[in-house]
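See below for the structure under consideration.
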Amino acid sequence: MKKVLMIAYFFPPLGGSGVQRTLKYVKYLPSYGILPIVSTVKSGHNFAYDQSLLKEIPDTVQVHRSSSLETLWLRSLIEKFAHLRKPQDVPESNSENVTESNSKNVTENKSAESLNIDQRKSIKQRLFEFIDNYLFIPDSKIRWLPFGFLKSWQIARHEHVDYLFSTSYPYTTHLIALLVHKFYRKPWIADFRDPWVGNKAMQKQIPLRIKLDAWLERKIVQNVDHLVNVTPSLTEMYKKRYPEQAQKMITITNGFDPDDFTEVSPVAQKKFTLIHTGIIAEAYDMETFVEGVASFLQRQPEAQGNFQALFIGYVPPKYQELLKNKLPGNVTILPYMSHKEVLNYQAGADLLFLTFDQSVDIAYSGKIFDYIGVGKPILGLLPKGVAAQLIQERKLGTVVPLGKSLKLADAVSLYFNSWREGEGKATGRQVTATEKCADFNRVNLAGQLASLMK
1 MKKVLMIAYF FPPLGGSGVQ RTLKYVKYLP SYGILPIVST VKSGHNFAYD
51 QSLLKEIPDT VQVHRSSSLE TLWLRSLIEK FAHLRKPQDV PESNSENVTE
101 SNSKNVTENK SAESLNIDQR KSIKQRLFEF IDNYLFIPDS KIRWLPFGFL
151 KSWQIARHEH VDYLFSTSYP YTTHLIALLV HKFYRKPWIA DFRDPWVGNK
201 AMQKQIPLRI KLDAWLERKI VQNVDHLVNV TPSLTEMYKK RYPEQAQKMI
251 TITNGFDPDD FTEVSPVAQK KFTLIHTGII AEAYDMETFV EGVASFLQRQ
301 PEAQGNFQAL FIGYVPPKYQ ELLKNKLPGN VTILPYMSHK EVLNYQAGAD
351 LLFLTFDQSV DIAYSGKIFD YIGVGKPILG LLPKGVAAQL IQERKLGTVV
401 PLGKSLKLAD AVSLYFNSWR EGEGKATGRQ VTATEKCADF NRVNLAGQLA
451 SLMK
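Take the sequence shown: its position 206, counted from the start at 1, is 206 in the UniProt record's numbering, and no numbers get skipped.
Shown next as structure tokens:
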């Protein structure tokens, strides 16, 4: 059996959608005669952790972990530095003996104290921003580089691996693989789950950073044997960017694992339930969602006590406030939960909500494949792009353009009325994923990756 060293930051027990792609490769590659050996971090930082995912790693797969130096010592040092010049305490004034003169002095002292506090905050903030902008290149996980390289190089030599594989985000994984590749000349596959240069959500818009990112990306592309992207649009983008390396480019999409849905137990809901799982980013058009749902509820008063929107995962504070203020009694926000629990909730939903901002037009969201797997209709509040196209072409649900709240209200009304006429049972698309989307089966996708290692 051939061996592949897989360098990945996001790997169980870290949770979230970024973990799934690598985990499923590790799970299914052995069935194609490829034995993965994983090099990852000891204690990575993420918004989500899911211990249950560890059970999916085959017993035959070794997982090696190295320090990523992600401790809070640097933050603590900066906090102390920012407080070195702490202003002297100003005594509180006594209203009985304060004259106009000393009252003015106290006011000036308090103003100076406030200014100093603001200056301290500014110093601290600027230090963090400087480190993030000019030292953490290409990303904040760069601290893993020396440890990840040494561990990965040792594994490659000791296990006599036949292939190298690195997956981003973070892009630091590709730098680790590049160094290993320099000292251990075996075929290397770089997996771009997201684009690097031009990624508005990830890339710092600083001239120096843009140039460095472009240089680093080119180094990766020049040295890899295969560059894998998750959508045909991304593959075409990279072919145009590096025409001399076009023969290296290949598309392997994200997908769903049939095993994830064999023991799903739908969480029963008494009301018509719209569910979103995962992260709501600050840039998302949640205003349109709120306006649309509010309009729907206003049109159909009978829905007020029979409709709920359920958000599972991270919702920024500003959107938590917006949802609760504008849709009181109709919104519930639950914290991150295990992947299996999320699937149970999705399976019990009547409508699955998907949204992202205008910048995400050439990539699928990982959650769309879970949505496909549970077989419930999808309501997409989306820009024109591959995700919207997938929903429309495969007849997976309804797509509403960003900013079109009345169209969103119409769509929700359509699904709600269908549910009501079905006496509380969803009557939308009840078709299994394998019937419409077999090409997104994780087993088949692992086979596509394995074909690069023959």
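Glycine residues also receive a C-beta, built at the ideal position from the N, C-alpha and C atoms.
{"Item": "Host beta strand (DSSP E) of P36 (start-end)", "Value": "I34 to V41"}
{"Item": "Minimum C-alpha distance to S359 - residue among V374, A283 and W419", "Value": "A283"}
{"Item": "Rounded separation between V228 and P195 - CA only", "Value": "11 Å"}
{"Item": "For N254 and S338, the rounded distance between their alpha carbons", "Value": "19 Å"}
{"Item": "F186 versus P138 - alpha carbon distance", "Value": "The sequence given here has Lys at residue 186, not Phe. Straight-line Cα distance between these residues: approximately 24 Å."}
{"Item": "Residue from I220, I252 and K219 with nearest C-alpha to T235", "Value": "I252"}
{"Item": "Reduced DSSP secondary structure (H/G/I, E/B, other) of R185", "Value": "coil"}
{"Item": "Reduced DSSP category for Q154 - H, G, I as helix; E, B as strand; rest coil", "Value": "helix"}
{"Item": "Beta-carbon gap between I189 and D225 smaller than 8 Å", "Value": "yes"}
{"Item": "Exposure of W215, with buried meaning 16 or more beta-carbon neighbours within 10 Å", "Value": "exposed"}
{"Item": "Coil, strand or helix - M249 by DSSP", "Value": "strand"}
{"Item": "Coil, strand or helix - D213 by DSSP", "Value": "helix"}
{"Item": "Reduced DSSP secondary structure (H/G/I, E/B, other) of G18", "Value": "helix"}
{"Item": "Q358 (DSSP reduced to helix, strand or coil)", "Value": "coil"}
{"Item": "Other residues of its chain near V197: CB distance less than 8 Å, five sequence neighbours each side excluded", "Value": "Q203, I210, D213, A214, E217 and R241"}
{"Item": "Residue nearest to residue 455 in terms of C-alpha spacing, selected from T277, Q346, L5 and K219", "Value": "With the chain covering 1 to 454 only, the question about residue 455 has no answer from this structure."}
{"Item": "Residue 499 and G292 closer than 8 Å at C-beta", "Value": "This structure gives no information on residue 499, because the portion of the chain shown stretches from 1 to 454."}
{"Item": "Residue burial classification, G305 (beta-carbon count within 10 angstroms, cutoff 16)", "Value": "exposed"}
{"Item": "7 Å CB neighbourhood of D260 in its chain, flanking five on each side removed", "Value": "L343 and G373"}
{"Item": "Cα-Cα separation, V267 to D350", "Value": "11 Å"}
{"Item": "Cut-off 7 Å between Cβ atoms - residues of its own chain near K326, not counting five sequence neighbours on either side", "Value": "V290 and A294"}
{"Item": "Three-state class that DSSP yields for G447 in the structure shown", "Value": "helix"}
{"Item": "Inter-stretch contact at 8 Å, needing at least 3 Cβ pairs: the region 39–59 / the region 9–25", "Value": "yes"}
{"Item": "8 Å Cβ shell around T332 - same chain, five flanking residues per side excluded", "Value": "Q308, A309, L310 and F311"}
{"Item": "Distance CB(I378)-CB(T231) smaller than 8 Å", "Value": "no"}
{"Item": "Selected residue, minimal CA-CA separation from S68, among R143, D285, F416 and K248", "Value": "R143"}
{"Item": "Helix, strand or coil at E302 [DSSP, three-state]", "Value": "helix"}
{"Item": "One or two residues paired with S168 in a DSSP bridge", "Value": "F192"}
{"Item": "Whether Y28 touches V386 by CB criterion (8 Å)", "Value": "no"}
{"Item": "Beta-carbon proximity list for G148, same chain, < 6 Å, skipping 5 on both sides", "Value": "S66 and I176"}
{"Item": "Alpha-carbon to alpha-carbon, L127 and S114", "Value": "For S114, the predicted structure reports a pLDDT of 48, less than 50, and the residue's modelled location is therefore unreliable. The matter cannot be settled from this model."}
{"Item": "Own chain, CB closer than 7 Å to V180, minus 5 neighbours either side, in chain order", "Value": "F149, S152, W153, A156 and L164"}
{"Item": "From Q245, K367, Q300 and L452, residue whose alpha carbon lies closest to that of D410", "Value": "Q300"}
{"Item": "Cα-Cα separation, V400 to F440", "Value": "24 Å"}
{"Item": "Under 8 Å between C-beta atoms of F416 and F272", "Value": "yes"}
{"Item": "Own chain, CB closer than 7 Å to S405, minus 5 neighbours either side, in chain order", "Value": "T288, E291, G292 and S295"}
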